[in-house]
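K.L.:
Per my numbering, the sequence shown runs over residues 3 to 589.
The C-beta atom is built at its ideal place from N, Cα and C for all residues, glycine as well.
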Amino acid sequence: DHDILTPGDAPSVLVAMNPAALKANLSAVAPGGTLIVNVDAFEDRALEKAGYPSNPLTDGSLASYTVYEVPMTSLTMQVGKEAGVKPRDAERSKNFFALGLVSWLYSRPTESIIEWIANRFKSDPLVLDANTRAFRAGYNFGETTELFESNYQVRPAQLEPGTYTNITGNTALAWGLIAAARQAGLSIFLGSYPITPASDILHELSKEKHFGVRTLQAEDEIAGIGSAIGAAFGGSLGVTTTSGPGIDLKSESIGLAVSLELPLVVVDIQRGGPSTGLPTKTEQSDLLHAMYGRHGEAPVPIVAARTPSHCFEAAVEAVRIAVTYRTPVFLLSDGYLANGAEPWRLPDVSSLPSIDPAFAEATTAEPEDEETGPADGRGNGHGNGNSTGSGGPVGFQPYARDPLTLARPWAIPGTPGLEHRIGGLEKADVTGDVSYDPANHEHMVHLRAAKVAGIAGSLPPLEVDDAEGPGAAPVLVLGWGSTYGAIAAGVRRVRARGLQVAHAHLVHLNPFPPNLGEVVRAYPKVLVPETNLGQLVKLVRAAFLVDAYSLTKVQGVPFRAAEVEAAVLKLLGVNPETSLAEEDVAS
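1. Less than 9 Å separating the beta-carbons of E520 and K555?
2. Would I550 pass as a contact of P513 if the rule is Cβ separation under 9 Å?
3. To the nearest angstrom, how far is the alpha carbon of G481 from that of N142?
4. Between A590 and A362, what straight-line distance do the alpha-carbon atoms span, to the nearest angstrom?
5. For V493, which three-state DSSP category applies?
6. Which class does P21 belong to by DSSP, given the choice of helix, strand or coil?
7. Just to confirm, is the Cβ distance from L175 to F314 under 9 Å?
8. Take H443 and list the residues in its own chain whose beta-carbon comes closer than 6 Å to its own, dropping the five residues that flank it on each side.
9. Report yes if the C-beta distance between P415 and G237 is below 9 Å; otherwise report no.
10. In angstroms, rounded to a whole number, what distance separates the CA positions of P359 and E579?
11. Taking the C-alpha atoms as reference points, what is the distance between P515 and A316?
12. By the three-class DSSP mapping on this structure, what secondary structure does V305 have?
13. On a Cα-Cα basis, can you pick out the residue from Q272, A92, P73 that is closest to V1?
14. Note the first and the last residue of the continuous alpha helix (DSSP H) segment covering S114.
15. Once you ignore the five residues that flank G35 on each side, which residues in its own chain have a CB closer than 8 Å to its CB?
16. Would you call V260 buried or exposed, if buried means 16 or more other Cβ atoms sit within 10 Å of its Cβ?
17. Apart from the five residues on each side of it in sequence, which residues of its chain come closer than 6 Å, Cβ to Cβ, to D202?
18. Would DSSP call E45 helix, strand or coil?
19. Would V31 and A186 be called neighbours here (beta carbons separated by less than 9 Å)?
20. When DSSP labels each residue in this structure, what does E50 get in the three-state scheme?
21. Please list the segments of the beta strand (DSSP E) lying wholly inside the segment 444-496, counting only runs of 3 or more residues, in order along the chain.
22. Suppose contacts are defined by Cβ-Cβ distances below 9 Å. Is F137 in contact with Y70 by that definition?
23. What does the Cβ neighbour count give for R296, buried or exposed, with the cut at 16 atoms within 10 Å?
24. Quick one: grab the DSSP three-state call for W106.
25. Starting from the C-beta of E470, find all residues in its chain whose C-beta is less than 7 Å away, skip the five residues before and the five after it, and write them out in chain order.
26. Applying the 10 Å Cβ sphere with the 16-neighbour rule, what's the burial state of T146?
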């Protein structure tokens with residue numbers, strides 16, 4: 003009867019294929035949960051290697067759980083023998099036996115799983131047959147044995163009509179880049195160096211050449227972003243993907259993109275740091291790096307995805323900003339979203355925003371009078387002013403500005419009359435000449451900052467989920483990125499107790515939505531949960547002088563709904579120990 007926002011705080015069933023798996027994961031199982039163990043693997047040697055002094059299946063240490071002992075290995079090998087597979091290879095199919103058993107336990111349809119097995123192992127008919135047989139054997143074991151008292155019926159979700167697919171965050175992000183590029187009539191160039199957990203985007207985009215996508219697996223991070231900047235100069239949508247360590251290496255080139263004022267999307271799939279850190283774990287610790295991690299005054303817009311499917315929308319928005327405002331844009335995701343999956347309804351293409359690259363066109367303007375200069379000193383970033391500055395031929399102003407967006411012209415190399423100088427040295431306003439003039443430098447610094455700040459005018463106001471109306475609740479929970487599910491689930495649990503709490507979630511982190519200050523000042527208490535040491539809360543305090551409360555977690559794993567719930571209850575003066583049990587209010 004409501005959306006499921008998280009995988010849950012604790013699994014109620016654990017399938018343990020061996021003693022080591024049981025020991026490593028038992029603490030995560032909900033009290034009184036169910037354990038399905040591969041009893042064949044609980045031999046003395048395996049128990050000793052896992053650190054068990056005695057067999058937990060017989061010593062009473064698992065008395066608080068419901069334990070089902072299933073001979074998965076022997077049953078799977080028997081099935082493999084019937085398929086003509088070698089015993090060692092047959093044993094590898096035991097995971098599919100377990101999958102079949104769990105599919106029966108939760109009354110899941112088998113057709114799609116069997117179809118997936120057929121597609122995945124079609125190159126090896128023997129393995130395909132063994133895995134299919136093992137899956138069916140596990141399902142039939144659950145159906146025919148008297149070991150289990152019953153199974154569970156999971157009602158189908160009530161979804162809006164449409165075409166659905168199961169999608170991961172990285173795949174959704176790649177598709178969003180393609181959709182946005184097609185809206186803009188641009189080809190995509192991805193310059194990237196493989197890094198966990200961002201590599202899937204490179205893999206996905208490399209399959210989509212028929213959409214005008216070109217990918218380069220560069221020799222290093224710097225070459226990856228350098229090639230993407232070059233592609234942007236040439237009139238393509240430049241994209242580079244990486245994680246935190248790669249952002250360290252790309253920082254100087256991001257500053258170059260700020261100076262060049264060309265469209266570029268920098269995708270940062272955050273992971274645990276610093277240094278190599280926790281490559282396969284999640285974290286939100288790159289926000290301040292994205293905000294300030296460059297020398298000089300080099301502002302960059304920041305967009306953050308909040309769910310796996312929202313990575314599609316976030317990618318479209320990042321491209322819209324990059325192309326419209328001629329700027330590099332940070333698109334932040336993280337390992338939790340990148341590898342997380344959820345059902346996603348394919349959007350109607352007509353619902354996507356229009357994105358106009360508005361390339362500069364060849365000018366036929368007459369040169370201006372040498373004494374009076376150009377008639378319009380600002381020019382038009384989506385058209386052409388008139389200038390005889392040495393930064394370009396007569397009639398073209400490479401650093402003129404669109405009066406609405408402050409974007410400069412996007413001039414494709416080779417277009418007659420649009421030749422101009424490019425590089426990292428400071429440019430003179432309008433003409434694009436190299437300039438060391440102090441007043442001009444300060445002017446350009448303010449222009450670039452004003453351009454990014456002006457993006458706020460194109461953003462929708464921040465939406466606040468407050469059941470009693472804006473400012474009614476005593477506590478506002480303000481989040482960003484992948485904390486969305488845990489926050490929304492925790493807020494739901496607090497409300498189930500009859501208490502008031504509001505929730506707002508940021509997608510745009512630089513600039514902030516135009517009404518953010520009004521929102522945070524409307525609530526007596528503001529709680530900011532983050533999987534870092536409080537980076538957003540620093541920005542909110544600095545911008546709006548609000549004494550927001552910080553809730554942090556840096557363990558490489560996401561927040562649990564119960565953790566958010568407990569923090570809200572504490573601010574409300576309610577003892578967290580009296581909070582609802584997880585089974586009472588589903589996440």
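P.N.:
So, from the data block:
1. no
2. Sequence inspection shows Ala at residue 550; the Ile mentioned does not correspond to that position. Not in contact: A550 and P513 (Cβ atoms no closer than 9 Å).
3. 46 Å
4. Outside the shown range of the chain (3 to 589) lies residue 590, about which nothing can therefore be said.
5. helix
6. helix
7. yes
8. E428
9. yes
10. 55 Å
11. 15 Å
12. strand
13. This structure does not reach residue 1, given that the chain is present from 3 up to 589, and the question cannot be answered.
14. 113-122
15. A12, P13, S14, V15, L16, Y67, T68
16. buried
17. N172
18. coil
19. no
20. helix
21. 477-482
22. no
23. buried
24. helix
25. Q502
26. exposed
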